[in-house]
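In what follows, a structure is listed as structure tokens, so that the remarks can point back to it.
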Amino acid sequence: MKLRQTNIEKLQNQTFDVLILGGGINGAVSSASLASRGVKVALIDKGDFASGTSQESSNLAWGGIKYLESLEFPLVRKLCKSRNHLMKSYPSAVQEIRFFTTIEKGFRFPVWFIWLGTWFYWVIGSFFTKTPRFLTRSAIGREEPVINVKNAAGGFEYSDAFLHDNDARFVFNFIRNALNYGCIAANYLSASGSKKDGELWVTKVKDEISGKTFSVKSKVLINTCGPWADELNQRSGVKTEHHHVFSKGIHLIVDQISSKQRVLAFFADDGRLFFVLPMGSKTCIGTTDTKVDHPEPKVTEEDRHFVLSNINKRLNLKKPLTNKDIIAERCGVRPLVVKGNSSGNKDWVQLSRKHEVEVISNLKHISIFGGKLTDCLNVGDEIVDEVSNLGIQMPYPQMKWYGEPDQTVLKEFLHQAKLMDLDSLTSRTSVEPLTQRLWRRYGSNAIGMLESIREDKTQAEVLIQGTEYIRCEIHYAAKREMVVKLEDFLRRRSKVALVEKKESIRKSPGLVEACEILFGKDAKAKMKEYFGS
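Structural data, given as structure tokens:
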């Protein structure tokens with residue numbers, strides 16, 4: 003909380019080169035890429051960082067194989083290159099995963115035709131992943147007995163990539179890097195509108211925690227508010243060529259369905275790709291594609307029925323999944339870009355997740371529409387070019403702003419971890435060794451955690467039962483990750499709220515201590531805020 007308060011004071015007392023509105027993936031990469039070049043950057047979000055669309059994805063970094071059907075080959079090529087670049091830049095966090103795909107009898111294309119499509123996808127992706135593999139009906143049943151092959155015509159296996167941790171954590175790490183480069187960022191600050199005052203933008207801001215209001219001045223204003231971008235532009239009197247339409251997507255999280263680390267893929271009753279995604283000791287199922295008119299949707303009983311009925315039909319389960327089996331739900335909107343007066347009704351399902359960067363040069367205003375996690379590094383580089391074109395100096399134009407620490411740092415961390423036998427302290431509830439998990443989540447900052455554990459082995463103890471998060475991680479989050487509400491930690495800095503039911507978290511013996519570490523004297527109030535009375 004101290005970091006947030008310090009940054010709020012700085013926001014009021016400086017004039018920034020750039021103010022970024024929105025802390026989702028587009029805002030996060032924009033802040034990191036600009037701040038690393040020496041640009042004076044500020045970023046605010048009306049909620050927590052990555053608390054909108056960026057926390058509701060399928061946790062995939064994929065090349066958009068579905069866009070082959072709509073013949074968008076340049077988009078698929080671009081997304082595949084972006085996926086490959088992410089995998090090379092974040093080898094611990096973004097890794098290849100196999101998609102074990104079943105095609106049912108009577109599908110709109112024969113199995114062999116789609117299988118050839120996966121080879122084209124592999125070629126267009128620069129042969130970066132493992133080769134596709136054809137699956138007979140019997141092979142599907144033999145390799146994945148959980149799949150109901152009664153109506154299967156056959157299938158295939160191909161590769162894309164996934165995030166080991168949740169999407170919100172991946173996004174926050176860009177925010178954390180931006181802070182390291184001098185960006186002044188704070189969450190729970192809402193912008194009520196911006197106006198030009200001479201050469202500067204003046205943005206009215208409200209602190210959603212204290213209720214206080216103030217203004218932030220900047221030379222350039224960047225709107226990365228995702229589904230709320232159009233609304234904010236309207237309040238600021240900014241007219242753009244592009245706007246958003248919304249597609250609601252939901253996922254349901256249940257106990258583990260398959261122990262194999264791969265995605266089970268099907269085509270749902272509506273013809274869209276439908277996934278059974280590994281999530282540690284749990285499984286994530288989805289997604290839907292429902293047109294909605296507003297950016298804050300809710301999971302309906304119809305949504306749950308769609309997901310559960312589709313998966314029960316395609317799997318051999320001892321008991322069909324019901325609402326009682328749902329551990330957590332994810333629900334968000336995909337902001338899909340349309341141009342002009344279009345409402346997006348034409349070819350609704352075919353609308354892609356491409357992004358558009360719209361610049362109004364005379365106003366020094368930029369809006370980012372659409373986009374997806376896979377293409378995030380390109381967005382960061384594009385924003386640097388556009389801001390530079392608006393006259394903002396880049397003192398360090400060649401500075402690299404993304405990627406894991408180099409091998410020298412990794413070797414040092416691994417050496418220290420081995421000497422102290424860190425992995426012997428791994429909890430039995432963890433799905434991977436401590437060495438691997440701490441490096442992936444914290445990079446070079448994990449070296450400091452080793453020191454904490456050497457001083458006190460209890461720092462390696464899991465606090466919240468049923469999860470992997472150890473005591474020193476919670477101390478780190480309290481100091482450096484701007485956790486304002488308990489939900490920020492449980493849902494976004496970690497994935498505790500995605501793998502444990504709320505009541506189980508409430509009853510965890512270590513919860514009170516975790517809250518005291520995070521919030522000090524406000525611990526009880528923060529627990530009441532999250533759980534209710």
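Under my numbering, the first residue of the sequence shown is numbered 3, with each subsequent residue one higher. By construction, the Cβ of each residue, glycine as well, lies at the ideal position given by its N, Cα and C atoms.
In the assembly as shown, Phe129 is an exposed residue. Its beta-carbon has fewer than 16 other beta-carbons within 10 Å. Between the beta-carbon of Lys528 and that of Cys517 there is about 6 Å, and that keeps the pair under the 8 Å contact cut. Short of 8 Å from the beta carbon of Arg439, and not among the five residues preceding or following it, lie these beta carbons of its own chain, in chain order: Ser432, Glu470.
If you look at Gln418, you'll find it isn't in any beta strand (DSSP E); it sits in the alpha helix (DSSP H) that goes 409–421.
Contact between the region 24–31 and the region 375–388 is present: three or more C-beta pairs spanning the two stretches fall below 8 Å. Around Val43, the same chain offers Val20, Ser33, Leu36, Ala37, Cys185 as residues with beta carbons nearer than 6 Å, after the five sequence neighbours per side are excluded. Taking all protein chains in view, the Cβ of Asn391 is surrounded by fewer than 16 other Cβ atoms within 10 Å, so the residue is classified as exposed. For the region 64–128, the full-length alpha helix (DSSP H) segments reaching 4 residues or more read 75–91, 113–126 along the chain. One thing to note: Leu254 has its Cβ no nearer than 8 Å to the Cβ of Val294. Counting other Cβ atoms within 10 Å of its Cβ, Leu465 reaches 16 or more and is therefore classed as buried. Sorting Ile10, Phe51, Thr8, Gly25 by C-alpha distance to the C-alpha of Asp490 places Phe51 at the top. Assignment of Ala270 by DSSP, reduced to helix, strand and coil, places it in the coil class. Burial check for His417: the Cβ neighbour count within 10 Å stays below 16, so the residue is exposed. Beta-bridge analysis with DSSP links Trp203 to Lys198, Ser220. When Cβ pairs closer than 8 Å are counted between the two stretches, the region 354–367 is seen not to touch the region 205–216, the count staying below three. With a cut-off of 8 Å on Cβ pairs, the region 82–97 is in contact with the region 160–180, counting three or more such pairs. Collapsing the DSSP output to three states places Val501 in a helix. A direct Cα-Cα distance of roughly 28 Å separates Val240 from Phe176. Per DSSP, the continuous beta strand (DSSP E) segment holding Phe158 begins and ends at 154–165.
Contact between the region 97–113 and the region 150–168 is present, with at least three C-beta pairs closer than 8 Å.
Burial is judged here by how many other beta carbons sit within 10 angstroms of a residue's own beta carbon; Asp47 has at least 16 and is buried.
Within the model, the alpha-carbon separation for Glu331 versus Ala448 is close to 30 Å. Excluding sequence positions up to five before and after Leu181, its CB lies within less than 7 Å of the CB of Ala187, all in the same chain and listed in chain order. Excluding residues up to 5 positions away in sequence, Asp291 lie with their Cβ nearer than 6 Å to the Cβ of Arg274 in the same chain. Sixteen is the threshold: since fewer than 16 other Cβ atoms of the shown chains lie within 10 Å of the Cβ of Glu414, the residue is exposed. A distance below 8 Å separates the beta carbons of Ser283 and Val501.
Put simply, the backbone Cα of His87 is about 12 Å away from that of Asp162.
With 16 or more other Cβ atoms from the protein chains shown falling within 10 Å of its own Cβ, Gly24 counts as buried. Here Gly108 is exposed: its Cβ has fewer than 16 other Cβ atoms, across all protein chains shown, within 10 Å. Excluding its 5 nearest sequence neighbours in each direction, Trp117 has C-beta neighbours in its own chain below 7 Å: Pro134, Phe136, Phe158, listed in chain order.
Taking the CA atoms as reference points, Glu434 sits about 50 Å from Leu365. For Asp19, the enclosing beta strand (DSSP E) starts and ends at 17–23.
At the C-beta level, Val265 and Phe276 stay beyond 8 Å of one another.
Looking at the DSSP output, His245 shares a beta bridge with Val340.
The Cβ-Cβ distance between Ile507 and Leu513 falls below 8 Å. In terms of Cα proximity to Lys341, the closest of Asp408, His245, Gly534, Ser496 is His245.
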